[in-house]
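Residue numbers (this note's numbering), protein chains in the order written: chain A, 1 to 470; chain B, 1001 to 1470; chain C, 2001 to 2515; chain D, 3001 to 3515. Cβ atoms here follow ideal geometry from the backbone N, Cα and C, with glycine treated the same way. Before any comments, here is the structure.
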Amino acid sequence: MSRYTSATDADRKAMLEAIGVGSIEGLFAELPAEVRLDRLLELPDGLSESEVVEELAALAGRNADADSEVCFLGAGMYDHYSPAVVDAITQRSEFLTPYTPYQPEVSQGGLQVMFEFQTAISELTGLPVANASLYEGPSSVASAAYLAIGATKRSRMVVSRGLHPHSRQTLQTYARGFGAEVVEVGLEGGLTDAGELAATLDDQTAAVFVQNPNFLGAIEDLEELAEAAHAHGALAVASVDAITLGVLRPPGDCGIDVAVGEGQPLGGRLDYGGPSFGFFAATEEHLRRMPGRIAGETTDVDGRRGFVLALQAREQHIRREKATHNICTAQALNALGGVIYLSWLGKQGLVELGELIVRRTAYARERLASVEGVELLHDAPVAREFAVRLAAPVPEVLDRVAHEGVAAGYWLGREYPEHEDGLLVAITERRSTEDIDRLANSLARAIPAANDAKVTDSETKASVAEEVGA
Amino acid sequence: MSRYTSATDADRKAMLEAIGVGSIEGLFAELPAEVRLDRLLELPDGLSESEVVEELAALAGRNADADSEVCFLGAGMYDHYSPAVVDAITQRSEFLTPYTPYQPEVSQGGLQVMFEFQTAISELTGLPVANASLYEGPSSVASAAYLAIGATKRSRMVVSRGLHPHSRQTLQTYARGFGAEVVEVGLEGGLTDAGELAATLDDQTAAVFVQNPNFLGAIEDLEELAEAAHAHGALAVASVDAITLGVLRPPGDCGIDVAVGEGQPLGGRLDYGGPSFGFFAATEEHLRRMPGRIAGETTDVDGRRGFVLALQAREQHIRREKATHNICTAQALNALGGVIYLSWLGKQGLVELGELIVRRTAYARERLASVEGVELLHDAPVAREFAVRLAAPVPEVLDRVAHEGVAAGYWLGREYPEHEDGLLVAITERRSTEDIDRLANSLARAIPAANDAKVTDSETKASVAEEVGA
Amino acid sequence: MSDHTTRTPRATAEVPTPQQSEPVTTIFERSVRGRRAATVPPTDVDERPLDELIPARLLRERPAELPEVSEPELVRHYNRLSRRNFDLDTGPYPLGSCTMKHNPRVNERVAALPGHARLHPAQEPKRAQGALELMWRLERALSEICGLPHVSLQPSAGSHGELAGLLLTRAYHEDRGEERTRVLTPDTSHGTNPATVTMAGYEVVKVATDERGGVDLDDLRSKSDESVACLMLTNPNTLGVFDENIVEIARIVHGVGGTLYYDGANLNAIMGWSRPGDMGFDIVHVNLHKSFSQPHGGGGPGAGPIAVSDRIEPYLPVPRIVRGDGANGAERRFDLDYSGPKSIGRLRGFQGNFGVFARAYAYIRSLGGDGLRDASETAVLNANYLLARLRQGRGGKYLPLAFDRLCMHEFVLSGSPAKHELGVKTLDVAKRLLDYGFHPPTIYFPLLVEEALMVEPTETETKEGLDALADAFEQILAEAERDPEILRQAPFTTPVRRLDEAQASRKPVLRQPLD
Amino acid sequence: MSDHTTRTPRATAEVPTPQQSEPVTTIFERSVRGRRAATVPPTDVDERPLDELIPARLLRERPAELPEVSEPELVRHYNRLSRRNFDLDTGPYPLGSCTMKHNPRVNERVAALPGHARLHPAQEPKRAQGALELMWRLERALSEICGLPHVSLQPSAGSHGELAGLLLTRAYHEDRGEERTRVLTPDTSHGTNPATVTMAGYEVVKVATDERGGVDLDDLRSKSDESVACLMLTNPNTLGVFDENIVEIARIVHGVGGTLYYDGANLNAIMGWSRPGDMGFDIVHVNLHKSFSQPHGGGGPGAGPIAVSDRIEPYLPVPRIVRGDGANGAERRFDLDYSGPKSIGRLRGFQGNFGVFARAYAYIRSLGGDGLRDASETAVLNANYLLARLRQGRGGKYLPLAFDRLCMHEFVLSGSPAKHELGVKTLDVAKRLLDYGFHPPTIYFPLLVEEALMVEPTETETKEGLDALADAFEQILAEAERDPEILRQAPFTTPVRRLDEAQASRKPVLRQPLD
Ligand SMILES: Cc1ncc(COP(=O)(O)O)c(C=O)c1O
Ligand SMILES: Cc1ncc(COP(=O)(O)O)c(C=O)c1O
């Protein structure tokens, strides 16, 4: 018996008797000897609750989190403020612990939340149909490709290099399963190269994938890109940032067929990358090809308003190998957090937040560009994130700035060899001008220092020891 | 309109119209001009939620809390582990937000919790009647004096010097209102001086107050003390530690008439001293003189089991100037935390916890006594806390040890001039032997250092700046 | 649109509701020997027999019969129990005098920060600078709101603040060599006022209420003499009306040398509009669990800080929060000052309900001066609007306003016509409101008003919510006209129906019998 | 004693329950223009017109119609909604295949620590050592539990793990120059299995079930050839029985060069007793939201880590967690390795559902090896006990076991006799269970079993809870004998009654119409 189970010795005895088996071993009698584990699992002994907390807190203490640093990291997940109501509500047992609402009579809470979530995503994206969540951003992009194959009976995917590297990589991984080809179109001046795109598109193209703002922070002209796709009978898929949809033209207004995105910025925790949620919205014609759960409104036998899982005939538990997707467990709780967040911000709040971020980003971009050794990587318009070049090795600079308590941003060289000197800087409402000035000053010190310094072995060792908290 | 209110301009207009008043000012028309504030309140502007969190987090960051130090502080509140279930349940809106259960039909949750709490406290103390909570420990002691006056029609209170200084001081404060006299009896070898007690008691004595374990950690012989009190027709009141009641003889078994105590150790937060709760239990004969809310079992019109506030005729809202106490809002939510904690620990858990703490305390006492410059202040038996003498100025030593991340304990000199060199060290299940060894080693370094050092002005200044986090 | 559409709830007990059918079981009854929700860390020291460490006669013989349950059972038990409460996060809770305003969730977040929640109360002040500064800032804010220069946060609730106030009054008079024996309270005063008077060793003298619901000045004058230590007053008072004679009242009491105590339970009516200090009060308590959004917790915790005038200041409880003067360019340091030679002493352990202070401070910082004023304005607007709505309909006839004036943040109706004309008591109206999904107002208080209903919607409610509440009153009174028995039998929808309170006091069962 | 006393719930819809009478309103319908729950921090930079910064044609013209509500309204809305869910913290939730085990609250606490919840996913590995170590340790633990040496935590759920598994299979075969086109799945398999097969570009081949509920070996042999890429299997399978022929099955599939994929949804039956790796599986997914106590969240989040054998390892997704060798006495450093030249690549962004890993790791540390084994033993004990109780009564007659054997952690009943003899379908039994306060079992799965009821009580339930559940079944079947219409009309007590699902798909209303 553990603290999570209740079968006392007396219970066990009575229960085994009722079953008619002499011992617990007897219950496992059908396991062939060859596959039985003849020893205990080699795991450390169980701990009391306080010890568990101690151990996990010790591990957590060895991470530099966004409370302990001034964080300009973005690249798809952002340090927005998540209001206390999100946690307070999502932690309620009634939302936290049930399963997928297969029994709608006792799941109206969850189902109505899905319906509200779908409404909010539909409003945000300007597209009429939204599902109730997918896993997260990049795999939602890949799921859009699966829809595109079904819709167009074609299998060539054209992706902008401005699409998040994780999205491109995930699409590539999935494509090997689908049997799809993935072709990339480069960037020009920070934006998807329209000429190259035109040249790459052909009548085998199932879909064009772009991101807005793109990975380098630049705001794409979605309408132009959608037109180019449509000219070849391909779908236009946009991966969009939900927060800046408060101020940027929604994909639905630009002719985009499928809009997907990462839900973390909508009041989600950073959580070292997950769990968050992916959203997926499309035009009406793709309704029956949508992946994932969708809630719909209906009435009960007495005429009461209610909600159910709609269009289940798309799904794996009904349609099996003919399903539109294999997803089962999605991210319902995170999506609940998302719709609470959006209701908290409200109609005006999302706009104001977007405006604030755009203005702060403009300030930060100018401020950083004024630092010796920093120049803009592109000068396309940006909204929440921008890219600069540093006149010193970026990882070196990042290390130095980190020692001053600042996470300066994302090193583009990790994923873009052509931008070895690139740094992507993200701005949220939590980054004050003071924080931005601090970053600028820190960079101003770190760049020349990184260039001057000859890193000796012994220095390296010392800083390693410090970083792991030893 | 703020984010907590909903009256839009349109709402205001419609509402004022319905009221028949032209403006908000009109609603305040009856306030005479002389008492109207003719300016805005001089308070800083309101903040957005994220800014509020930032500001409060910055303040919180300037406190050395029990997560950031190894904490041997006790003196009435203890760093026990509070399980996650306590927070999870007490934070549910259904418990967090209602008022006192004046409408029992919609307050069965809260009322049953009170009933369960009373049962748990009654079991712990071995006394048949318990109330549903008072504010906290020391004021509960004072409340016992009020009961004693009513019960005995006498007004002389004899208190052991082993009673928490805050309890003695609070009793003294209240006594000025009651018109009671407070007489103190000293300690001998760590324990209430039985001879002095006998000499002090007289037939005007309403009650004798002792604490167990007493403030110096020593375990009193409650039975002996109760007998002494009863010999003079006085009540015996004990302030007891709830955690060690798992192993120590309960006051009810020792002839104590009224047992009170501080509830914080039962899964409560430290919270810099509050809110926690006080508990109050007594023999049957004092039932109708008890202070505070008491829930009782009854049935509804259909015969269903239910709970109500019982014996309300004792209370201020019914009996007004004849009430047994003036308390109204008590500490219901904290008491809920207490009963969850006790149910979490359970019958065996409380015993095991008590045993663990007694053994660790024994280890710590021996370990510290072995340090050069440390000796026991008394050698009476102890359970969770013990007192030592240091051969160096205690505040100095505390400072030095604090710089090594250890809060060594409570300086007895704060309240006991006779123990200027005394240090009170508290042990909980969270203080491992490793922690204890760390304390011992730290003391071993700090004591000679504190003696050697001549503290210069400049040193002092530096350390001040550091401590306030500048 | 809102969800406040009023439908007529059931008026039958024939088919029990699902909750009514649930068996009621205590955690002790769920207990099964040997189960456990907690394990204790292993003993890492000698497992010496306990009686080697503590004499056997001081040890417990048999363990306390605490519940034995696994964690899932524990969680289920209290979750199920919680659903048997009505709460503020469900719907309107217009409980007069209690200021059931919204409890912002961010306050819970900041109170739970380890730097607050895990700070030991005996921590050296120099290592608790953040906490002391928070308290100091809260004191300053309350001082500004109350219009009185000095604050002590120590009292644990309103009643505790009242006790502090009278002990301060006593100390003040004694210090001037005076012995005064009587404390005046209006006949409308809250029960804690007279109960406190007795506890503080004074005699209660009731002052009558005039025809406008304020203090009867003549009666006050006639009772004011040198034996009067203090007048305790609420303004707006428990009738929800502002006493326009407050300046004269203060003159009278001060004239005979008494102090003026302000019961701050109704401060929510006037924040930013008027200040007790400016009205002439010497001592004020503030219920942080009312005007400052600390959750009520089913009956606490709260906090009842007091603000006082210069002449009362020397007697304030210790310890007090002090701020260093920052001389010589040093950091301004906060400290606890235990000296206070004239202090009344301590009222409780440590520094007070700090967790409550953190929430109240967060609330004040969230709203600012503007927001506090908006809160009061909206509270008064909501009360008057609800009142106007009620008067339009049957409420005007059966539940008239006790004192016919503009109200402040709450108002008191009399159910006397309903009782005499319809045969339904205020209790019956209240119970039927439960069926409509509303928490009833405070009832039978103040005592002065026959069959009183004391309604305080607070600034939290929306116009739609108030409309729905007014509609519910209207429907209930229509029901009463048609079939008063419905009200007399109500409620029908609650987890239990009317309970036998008399039995609970006559044959008290106050704990679970075990064995 | 417990609160599981079974009373017969209502069987009438005449008097609606209080919840049934509540109007249903969405948050959008609560919205009132101009209200707000949030304010945004003030702009501390130039308030330049937005179209100076971003070309106007790229800007939004009209704001999204998000709800406009104050915080109190927001909290009330979702609190009320929450009460329209049945949850695991209310009562038994024996939903087969879903392992609705208790969600320990301490897991939520550790997941919320700022060092976890506030850690940016792009943080440099050297500044995220604690997170990487936690992931590394969890990988090691899952490896030990599954009996396979290599683990990737990346997949976001079981179905995602399945996709990973088939992509690994594809990469493995392709690397050996083989092109295989078919994947075998038993006809009892979960829907995600065949759906994944299609998504991974394979053809589904169904394998029959033998008379003991296991894989039909002859059928398997007849379908196994060089075109078979993989066999996907659950063991114990979705019938709740352990396939005793597993070693032979593995031999057959490996014999034709296929891989063996273990759908770990049922791992909760065998932890510490048997390991998929030891059964011969090459690839396993583990649902952390089933066996490892991550809360189900109403349909996620979860995580579906995979464990694989040496031969599959080169193809694992990137990035992988690696631990430095600590050479030269250096600290052992954890890092993310993106290299993997043969890797199938990424399956999603960043490192996976770390918050879920923290909870699962806390669970494993709480229980240890012993505790995990106890969990499985108790799960199996509970299932067999409930089964025994059901067979004693009418269950034995009307709801017989589909395959008459000892079950593992769950069992599958057939409602076929109930349907034919009593005229009540499995759906009707399930709906009536709702009235008795239980969440019904999984129904109509596996497809193989007519009118299936798949019952998985998990180790969380107490004996009393199981007795009450058995009693409820008994009473329901007695009701069905007496008056089957009760079941056909059920439920009567839920917030809404049976819903028109056909309408929802025929004329889908999938979002709130606004304007
Ligand atoms: C008018 C009035 N005075 C005093 C009090 C007592 O305050 P507390 O409950 O905080 O002790 C109350 C509380 O109900 C009140 O309404
Ligand atoms: C047997 C079985 N396989 C696979 C899955 C899919 O797992 P997930 O929902 O995590 O994608 C499930 C979940 O319901 C299951 O029961």
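Determine, for G469 (chain A), whether the minimum Cβ-Cβ distance to residues of chain B falls below 8 Å.
Along the first sequence, read from residue 1 onward, the residue named residue 469 (chain A) stands at position 469. Note that G469 (chain A) has pLDDT 29, beneath the 50 cutoff, so the model's placement of it is unreliable and the number below is only indicative. Chain B contact via Cβ: absent.
Taking 8 Å as the CB-CB limit, is M1157 (chain B) close to chain C?
By 1-based counting over the second sequence, the position of residue 1157 (chain B) is 157. No, because no Cβ of chain C sits closer than 8 Å to the Cβ of M1157 (chain B).
How many angstroms separate the CA atom of A151 (chain A) from the CA atom of R3182 (chain D)?
As a first step, residue 151 (chain A) is located in the first sequence; it is residue number 151 there, counting from the start. As a first step, residue 3182 (chain D) is located in the fourth sequence; it is residue number 182 there, counting from the start. If I take the Cα positions, the gap works out to 24 Å.
Nearest chain A C-beta to N3384 (chain D) closer than 8 Å, yes or no?
On the fourth sequence, position 384 is the one that residue 3384 (chain D) refers to. Interface residue, yes.
Inter-residue Cα distance where the pair is R3127 (chain D) and A3229 (chain D)
The sequence position of residue 3127 (chain D) within the fourth sequence is 127, counting from 1. The sequence position of residue 3229 (chain D) within the fourth sequence is 229, counting from 1. Taken atom to atom, the span from the alpha-carbon of R3127 (chain D) to that of A3229 (chain D) is near 41 Å.
Could you tell me whether the segment 1306–1320 of chain B touches the segment 1281–1297 of chain B, where touching means 3 or more Cβ pairs closer than 8 Å?
Cβ pair count under 8 Å is three or more, so yes.
Since I believe S167 (chain A) is in contact with L141 (chain A) (beta carbons under 8 Å), could you give me their beta-carbon distance rounded to a whole number of angstroms?
Looking up residue 141 (chain A) in the first sequence gives position 141. Looking up residue 167 (chain A) in the first sequence gives position 167. A small correction: the amino acid at residue 141 (chain A) is Val; Leu does not occupy that position in the sequence shown. Between S167 (chain A) and V141 (chain A) the Cβ distance is about 4 Å, and since that is below 8 Å, they are a contact.
Rounded to a whole number of angstroms, what is the C-alpha to C-alpha distance between H2004 (chain C) and V2215 (chain C)?
Taking the first residue of the third sequence as 1, we reach residue 2004 (chain C) at position 4. Taking the first residue of the third sequence as 1, we reach residue 2215 (chain C) at position 215. With a pLDDT of 45 at H2004 (chain C), under the threshold of 50, the predicted position of this residue should be treated as unreliable, though the coordinate-derived value follows. Their Cα atoms are separated by approximately 39 Å.
List in chain order: all unbroken alpha helix (DSSP H) runs of 4+ residues lying wholly within the segment 2249–2283 of chain C.
Correct list: 2276–2279.
By Cβ distance, which residues of its chain are closer than 7 Å to T3017 (chain D), with the 5 residues on each side in sequence left out?
By one-based count along the fourth sequence, residue 3017 (chain D) stands at place 17. Its chain contains T3493 as the residues whose beta carbon lies nearer than 7 Å to that of T3017 (chain D), once the 5 sequence neighbours on both sides are disregarded; these appear in chain order.
With a cut-off of 8 Å on the beta carbons, I'd call L2347 (chain C) and P2319 (chain C) a contact; round off their distance for me.
If you number the third sequence from 1, residue 2347 (chain C) lands on position 347. If you number the third sequence from 1, residue 2319 (chain C) lands on position 319. That belief does not hold up - the Cβ atoms of L2347 (chain C) and P2319 (chain C) are roughly 11 Å apart, past 8 Å.
Does chain A have any CB closer than 8 Å to the CB of R2302 (chain C)?
Against the third sequence, residue 2302 (chain C) aligns to sequence position 302. The sequence shown places Gly at residue 2302 (chain C), not Arg. By this cut-off, G2302 (chain C) is not an interface position.
Between the segment 2126–2145 of chain C and the segment 2323–2334 of chain C, do three or more beta carbon pairs fall short of 8 Å?
Put simply, the segment 2126–2145 of chain C touches the segment 2323–2334 of chain C. At least three CB pairs are less than 8 Å apart.
In chain B, which residues lie with their C-beta within 9 Å of the C-beta of E429 (chain A)?
The sequence position of residue 429 (chain A) within the first sequence is 429, counting from 1. Going along chain B in sequence order, the residues near E429 (chain A) (Cβ under 9 Å) are S1048 and S1050.
Residues in its own chain within less than 8 Å of T200 (chain A) by CB, not counting five upstream and five downstream?
Your numbering for residue 200 (chain A) matches position 200 in the first sequence. Same-chain partners within the cutoff: V158, V183 and V185.
When the Cα atoms are used, what is the spatial distance from N3287 (chain D) to T3099 (chain D)?
Position 287 of the fourth sequence, counted from the start, is the residue given in the question as residue 3287 (chain D). Position 99 of the fourth sequence, counted from the start, is the residue given in the question as residue 3099 (chain D). Cα to Cα, the separation comes out at about 10 Å.
Beta-carbon separation (whole angstroms), P2186 (chain C) vs H2409 (chain C), contact threshold 8 Å:
Your numbering for residue 2186 (chain C) matches position 186 in the third sequence. Your numbering for residue 2409 (chain C) matches position 409 in the third sequence. The pair is not a contact, with the Cβ atoms about 18 Å apart (cut-off 8 Å).
Given a limit of 8 Å on CB to CB distance, which residues of the segment 1077–1097 of chain B reach chain D?
Listed by position along the chain: P1083, A1084, V1085, D1087, A1088 and S1093.
Cα-Cα separation, G177 (chain A) to V53 (chain A):
On the first sequence, position 177 is the one that residue 177 (chain A) refers to. On the first sequence, position 53 is the one that residue 53 (chain A) refers to. The straight-line gap from Cα to Cα measures roughly 41 Å.
R2076 (chain C) burial status per 10 Å Cβ neighbour count (16 or more: buried):
The residue labelled residue 2076 (chain C) in the question sits at position 76 within the third sequence. Its Cβ being crowded by 16 or more others within 10 Å, R2076 (chain C) is buried.
According to DSSP, which residues form a beta bridge with T298 (chain A)?
For the purposes of this step, residue 298 (chain A) is identified with residue 298 of the first sequence, where counting begins at 1. DSSP lists A:G306 as partners of T298 (chain A).
For L1398 (chain B) and N1063 (chain B), the rounded distance between their alpha carbons:
Numbered from its first residue, the second sequence carries residue 1063 (chain B) at position 63. Numbered from its first residue, the second sequence carries residue 1398 (chain B) at position 398. Straight-line Cα distance between these residues: approximately 16 Å.
Looking at the structure shown, is C2230 (chain C) part of a helix, part of a strand, or coil, going by DSSP?
Start at 1 with the first residue of the third sequence, and residue 2230 (chain C) comes out as number 230. Three-state result, C2230 (chain C): strand.
At 7 Å on the CB atoms, spell out the chain A contacts of T2039 (chain C), in chain order.
Along the third sequence, read from residue 1 onward, the residue named residue 2039 (chain C) stands at position 39. Result: R3 and S48.
Thinking C-beta only, is V2424 (chain C) closer than 8 Å to P2446 (chain C)?
Counting from one through the third sequence, the residue named residue 2446 (chain C) turns up at place 446. Counting from one through the third sequence, the residue named residue 2424 (chain C) turns up at place 424. No; because the gap between Cβ atoms is not below 8 Å, this pair is not in contact.
Sequence-ordered residues whose beta carbon comes within less than 6 Å of a heavy atom of ligand 2:
One residue list follows from the rule of a beta carbon closer than 6 Å to any heavy atom of ligand 2, given in chain order as A:C328, A:T329, D:S3097, D:C3098, D:A3157, D:G3158, D:S3159, D:H3190, D:T3192, D:T3234, D:T3238, D:D3263, D:A3265, D:N3287, D:G3302 and D:G3304.
What in chain B is Cβ-close to C2098 (chain C), meaning under 7 Å?
Residue 2098 (chain C) sits at position 98 when you count from the first residue of the third sequence. Within chain B, the residues near C2098 (chain C) are Y1099.
Rounded to whole angstroms, what is the Cα-Cα separation between Q2489 (chain C) and R2432 (chain C)?
On the third sequence, position 489 is the one that residue 2489 (chain C) refers to. On the third sequence, position 432 is the one that residue 2432 (chain C) refers to. Between Q2489 (chain C) and R2432 (chain C), the C-alpha separation is close to 8 Å.
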